[in-house]
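Worksheet: the structure to be examined is printed underneath.
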Amino acid sequence: MAAREDARTAAPLVGIVMGSRSDWETMQHAAQKLEALGVPHEVRVVSAHRTPDVLFDYAATAHARGLRAIIAGAGGAAHLPGMLASKTAVPVLGVPVQSKALNGMDSLLSIVQMPAGIPVATFAIGNAGASNAALFAAALLSATHPAIGDALAQFRQRQTDDVANNDDPRQ
Ligand code: RP5
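Note that the working numbering has the sequence shown beginning at -19, numbered continuously upward.
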């Protein structure tokens, strides 16, 4: 429980941003994972198209505010992760949100097809991508934050044990 409280109250190491409040249904999976691992984080709506000045300010101040990874989720013409990456050297982890019109293929291609020189680490479409981006951010932080590394190792062990202890699909 202490780790979960720290994840909300300590100075954030990870920023979770999304293009719209409608992305929260997906991006909450990133927040839940960071919370479970005790990774201090913040959550904001930052739109590349509707609030571009906020995006620039968020990226420009991210490192000085202590952020060491930014998980950015967006759908459709998903410019948020790439534009953040263009304005900060903090690693950007892109999550393609599953759009209604094209099922997230538009989001995926918008995020993954960055030109050489500005990388965005791109994850799977939807909930799995949001969860894995959080796990990846925890892995990035584990070299400098051993408690996060321990929490990540415990999570993986529990996941392994769950499969091993439930290996008969008929039960
Ligand atoms: C993107 O447009 C957002 O990331 C969202 O996935 C999508 C739709 O936004 P809303 O119209 O629901 O606000 O910018």
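The C-beta atom is built at its ideal place from N, Cα and C for all residues, glycine as well.
| Asked | Found |
| --- | --- |
| Cross-strand partners of Arg24 (DSSP beta bridge) | Val(-3) |
| Proximity below 7 Å, CB of Val26 to CB of Gly53 | no |
| Option nearest Ala114 by Cα separation, candidates His59, Ala(-10) and Ile(-4) | Ile(-4) |
| Own chain residues within Cβ distance below 8 Å of Leu120, not counting five before or after | Arg48, Ala49 and Pro71 |
| Three-state class that DSSP yields for Ile98 in the structure shown | coil |
| Segment contact flag, the stretch 127 to 146 with the stretch 27 to 37, C-beta cutoff 8 Å, min 3 pairs | no |
| Which residues DSSP lists as bridging Val72, in chain order | Ile50 |
| Other residues of its chain near Ala100: CB distance less than 7 Å, five sequence neighbours each side excluded | Note that residue 100 is Val in the sequence shown, not Ala. The residues are Pro61, Gly62, Ala65, Val72, Gly74, Ile91 and Met94. |
| Host alpha helix (DSSP H) of Ala65 (start-end) | Leu60 to Lys67 |
| Proximity test, Asp86 beta-carbon vs the ligand RP5 heavy atom, cut-off 6 Å | no |
| Residue range of the unbroken alpha helix (DSSP H) whose run includes Ala42 | Pro32 to Ala42 |
| The ligand RP5 heavy atom lying under 6 Å from the CB of Val(-3) | no |
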